[in-house]
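Asker: One structure, pasted below without further comment.
Residue numbers (the numbering used here): 1 to 170.
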């Protein structure tokens, strides 16, 4: 059985990962409504990744005989006035999720829960990649987004992103 604090933080993370999926799906809808189907695709894939992250946390809890409590998922409340707004909000959100993962890791380290720390190692690495991807997308948009032709090419590039499930073994 997991330490009570660690289990609570892991359970909270399940719900926060589902919120992340919901948030990115909202970004996808926004871009689709703006006619930027490549950006919409990029965030739809991102939503799938976040949903799978939630499922990995859920399975880890179940593998450790811990009860899982699913909470209501809040409605994303972001209003967008430019194409860059979701990109910036996504980067900020990834930084927030990184902090959450680090908090769980610290709690596991305090109680010498090495198995949970090993489980979280994958997420620590993943969050580094998530922040890099989000900042690179902002950088590309800053370079090319103000020119319609370049925006079209960037949108086309983003339409080629496909989903592949995480390769974390529990």
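Each residue gets a CB set at the ideal place from its N, CA and C atoms; glycine is no exception. On a predicted model such as this, the values are computed, not experimentally measured, just so you know.
Round the Cβ separation of residue 2 and residue 64 to the nearest angstrom and send it over; I've been treating them as touching at under 8 Å.
Answerer: So it is a contact: roughly 5 Å between Cβ atoms.
Asker: With distances taken between CB atoms, is the gap from residue 23 to residue 104 smaller than 7 Å?
Answerer: In this structure, residue 104 does not lie closer than 7 Å to residue 23 by Cβ.
Asker: As a quick exercise: from 69, 76, 167, 144, pick the residue whose alpha carbon is nearest that of residue 126.
Answerer: Nearest C-alpha to residue 126: 167.
Asker: Cutting at 7 Å between CB atoms, please list the residues of its own chain near residue 57, excluding the five before and the five after it.
Answerer: Within the same chain, residue 57 has close Cβ partners 10, 13, 14, 17.
Asker: When you compare each of 59, 20, 66, 74 to residue 48 by their alpha carbons, which one comes out closest?
Answerer: The shortest Cα separation from residue 48 among 59, 20, 66, 74 belongs to 20.
Asker: Could you pull the start and end residues of the alpha helix (DSSP H) that residue 69 belongs to?
Answerer: From DSSP, residue 69 is part of no alpha helix (DSSP H); its letter is neither H nor E.
Asker: Mind reading off the beta-carbon distance from residue 131 to residue 95? Whole number of angstroms is fine, and I expect it under 8 Å.
Answerer: Between residue 95 and residue 131 the Cβ distance is about 6 Å, and since that is below 8 Å, they are a contact.
Asker: Mind checking residue 72: buried by the 16 CB within 10 Å criterion, or exposed?
Answerer: Looking at its Cβ environment, which holds fewer than 16 other Cβ atoms inside 10 Å, residue 72 is exposed.
Asker: List the endpoints of the continuous alpha helix (DSSP H) containing residue 17.
Answerer: Looking at the DSSP string, the run of the alpha helix (DSSP H) that includes residue 17 is 4-33.
Asker: How is the alpha helix (DSSP H) around residue 161 delimited, first residue to last?
Answerer: Counting along the chain, residue 161 falls outside any alpha helix (DSSP H), and DSSP gives it neither H nor E.
Asker: What's the gap between the Cα of residue 135 and the Cα of residue 115?
Answerer: Computed Cα separation, rounded: 31 Å.
Asker: With DSSP as the reference, label residue 140 as helix, strand or coil.
Answerer: Helix, per DSSP.
Asker: Using a beta-carbon distance below 7 Å, is residue 122 in contact with chain D?
Answerer: Reference to chain D is not applicable here, since this structure consists of a single protein chain.
Asker: Tell me whether residue 46 is buried or exposed, calling it buried when 16 or more other Cβ atoms sit within 10 Å of its Cβ.
Answerer: By the neighbour-count rule (16 or more Cβ atoms within 10 Å), residue 46 is buried.
Asker: CA-CA distance, residue 161 and residue 155?
Answerer: Each residue's Cα considered, the two are about 11 Å apart.
Asker: DSSP three-state call for residue 97: helix, strand or coil?
Answerer: Residue 97: helix per DSSP, three-state reduction.
Asker: What is the DSSP secondary structure of residue 78, counted as helix, strand or coil?
Answerer: Coil.
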